[in-house]
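A quick write-up on the structure given underneath.
Rendered as structure tokens:
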């Protein structure tokens, strides 16, 4: 027997005792519980990722998870394969004990299976999955295509194994963003399953859930909602309301409704999905924590800040108990709570948490990491707010807080610029896609932090000027203007990078700097000065209009 044939024999023997051999079609592996991001600028500023994460893809940032992450290939829990051949092939002990396997086996529906094709199908599928998990998508595609062909030849074109192969290939195309190839495969998989098992079978529900995720990635919300609603009904009937898989589809339906602006319905669905996990003993699982975080975001968007604060305190407590402060997960949970506290002007506790986060990051991360720059920006904002509170009571102390904030912003600017320079030097050719995406993500974060820190520093100079009652002095105004011009030069220097030039979030921050500069010149210049700078002012106004048009066009393309 050839080495391939022996490998197939060994694989089929293993399948006989598979824990999945009792089912007749795979359940979908739980899709990544991404947090879809509404197209509202306020969202990230108040929720866990800070202003520098104003991105429509997650995607992504510390969680970042962004919407186009890992695929939900038909795998079992813990990544164990649970493909259709684990389920419907009935192997006989007498045929698997020797070096040879009988040519044909019966399956549950009475069809005939050719071992050479089914064995190849399984080997191709396993190898394709391995390539996929390594990020080698082109190699995975070739093998998934071969697996689909072997499934058709070995089981028949309308067999559930073909549905599994269709789904796997569709998920690959979704990750590759070849969406026009993915949708027909999803629909074909569902059609085969409905024909084989009926429209209300749990396997149909699993496939509908995957199709809903596919539509959600594209923001086809009506289609996504229809898929999730149907999948939810099937899972409720078959699995029961208290089953975690039912809660999974419930949660995803909630995310769709949140994006549709149905915040009350979304809140109820996500809250119930959390309750089901807690009642099932999964309240401290990663999945439950992520859903709690999403529920907190819904509360913030609906201005239920107290409820959001309570949930984020709960999350932080769970992280402190389970992981302690030697984990970045705990740091991120504390930072999210701090940003919520900042929004309700609980500045003392917010500052204490952010300071502790910064200390932890300096220990856990390499020197001058981009997350430390973001952390310093957050603390500087809190200190600026504290200064505003003190300006009527204690001007010297208010100025002192601004000086501390200035030091933090200067360091944030230094680190962000250093990171951008380092990233620009990296060779992206021949790099795996995951590495290139990570570089682009870090560039995006660093650019936003840099622009925001510069803008904040300019505002700080004006505020300090007002506190010192020296509006007749030109130097401080000049300092603020100089900083904002640095915003412009920074964008010109780094903004041409592909990952940044197409980002409406980066351009929005750049636009904020431009408008701040225009207002500063108009408010602090005499008529004669304005006349002498007329050409420069007109150029600035033209740049503002140009960037506004670009942002609008980009958002239209994304919608």
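In this note's numbering, the protein residues as written are -16 to 542.
The beta carbon of each residue, even a glycine, is placed where N, CA and C say it ideally should be.
Using the beta-carbon count (16 or more within 10 Å), is residue i buried or exposed?
i, result
"residue 154", "buried"
"residue 364", "buried"
"residue 415", "exposed"
"residue 509", "exposed"
"residue 479", "exposed"
"residue 137", "buried"
"residue 457", "Confidence is the limiting factor: at residue 457 the pLDDT is only 48, short of 50, which leaves the residue's position unreliable and the question unanswerable from this model."
"residue 307", "exposed"
"residue 231", "buried"
"residue 571", "Any answer about residue 571 is impossible in this case: the structure gives the chain only from -16 up to 542."
"residue 160", "exposed"
"residue 105", "buried"
"residue 418", "exposed"
"residue 269", "exposed"
"residue 379", "exposed"
"residue 513", "exposed"
"residue 502", "exposed"
"residue 292", "buried"
For the candidate residues the options, whose alpha-carbon lies nearest to that of residue i?
i, options, result
"residue 243", "213, 202, 407, 341", "202"
"residue 524", "505, 511, 265", "505"
"residue 571", "486, 446, 437, 451", "Only positions -16 to 542 of the chain appear in this structure, which leaves residue 571 out of reach."
"residue 236", "477, 516, 250", "250"
"residue 435", "359, 246, 450", "359"
"residue 494", "513, 512, 473, 511", "473"
"residue 183", "213, 285, 327, 499", "213"
"residue 420", "204, 483, 290", "483"
"residue 127", "113, 107, 139, 119", "107"
"residue 449", "439, 496, 381", "381"
"residue 499", "460, 535, 139, 515", "460"
"residue 401", "477, 515, 330", "477"
Could you check the C-alpha separation between residue i and residue j for me, to the nearest Å?
i, j, result
"residue 370", "residue 117", "50 Å"
"residue 465", "residue 433", "15 Å"
"residue 304", "residue 383", "37 Å"
"residue 227", "residue 216", "14 Å"
"residue 163", "residue 261", "39 Å"
"residue 344", "residue 176", "49 Å"
"residue 103", "residue 319", "49 Å"
"residue 141", "residue 147", "11 Å"
"residue 158", "residue 412", "20 Å"
"residue 122", "residue 101", "20 Å"
"residue 285", "residue 246", "7 Å"
"residue 323", "residue 281", "13 Å"
"residue 340", "residue 348", "11 Å"
"residue 99", "residue 133", "9 Å"
"residue 397", "residue 388", "14 Å"
"residue 532", "residue 487", "11 Å"
"residue 171", "residue 181", "14 Å"
"residue 386", "residue 372", "15 Å"
"residue 442", "residue 241", "35 Å"
"residue 392", "residue 205", "44 Å"
"residue 256", "residue 125", "38 Å"
Given residue i, which residues of its chain have a CB within under 8 Å of its CB, disregarding the five upstream and five downstream residues?
i, result
"residue 169", "149, 150, 153, 190, 193, 194, 197"
"residue 406", "422, 425, 426, 429"
"residue 468", "500"
Going by DSSP in three states, residue i sits in which element: helix, strand or coil?
i, result
"residue 375", "coil"
"residue 308", "coil"
"residue 508", "coil"
"residue 59", "The predicted model places residue 59 with a pLDDT of 27, which falls under 50 and marks its position as unreliable; any figure quoted below should be read in that light. Residue 59: coil per DSSP, three-state reduction."
"residue 267", "coil"
"residue 166", "helix"
"residue 105", "helix"
"residue 118", "coil"
"residue 346", "helix"
"residue 410", "coil"
"residue 201", "coil"
"residue 598", "The question about residue 598 has no answer, for the chain in this structure spans -16 to 542."
"residue 243", "coil"
"residue 132", "helix"
"residue 195", "helix"
"residue 139", "coil"
"residue 329", "coil"
"residue 8", "Interpretation of residue 8 is limited by its pLDDT of 31, a score under 50 that renders its predicted location unreliable; no figure is taken from the coordinates."
I want to see whether chain D comes within less than 9 Å of residue i, judged by CB atoms only; does it?
i, result
"residue 425", "The structure shown has no chain D; it contains just one protein chain."
With a threshold of 7 Å on Cβ separation, who are the neighbours of residue i within its own chain once the five nearest residues in sequence on each side are excluded?
i, result
"residue 135", "145"
"residue 173", "187, 190, 191, 194"
"residue 462", "444"
"residue 253", "234, 237, 274, 277, 278, 281"
Any heavy atom of the ligand MG within a distance shorter than 8 Å of the CB on residue i?
i, result
"residue 192", "The model on display carries no ligand, and the ligand MG is accordingly not part of it."
Closer than 6 Å by C-beta to residue i: which residues in its own chain qualify, once you throw out the five before and the five after it? Chain order, please.
i, result
"residue 115", "123"
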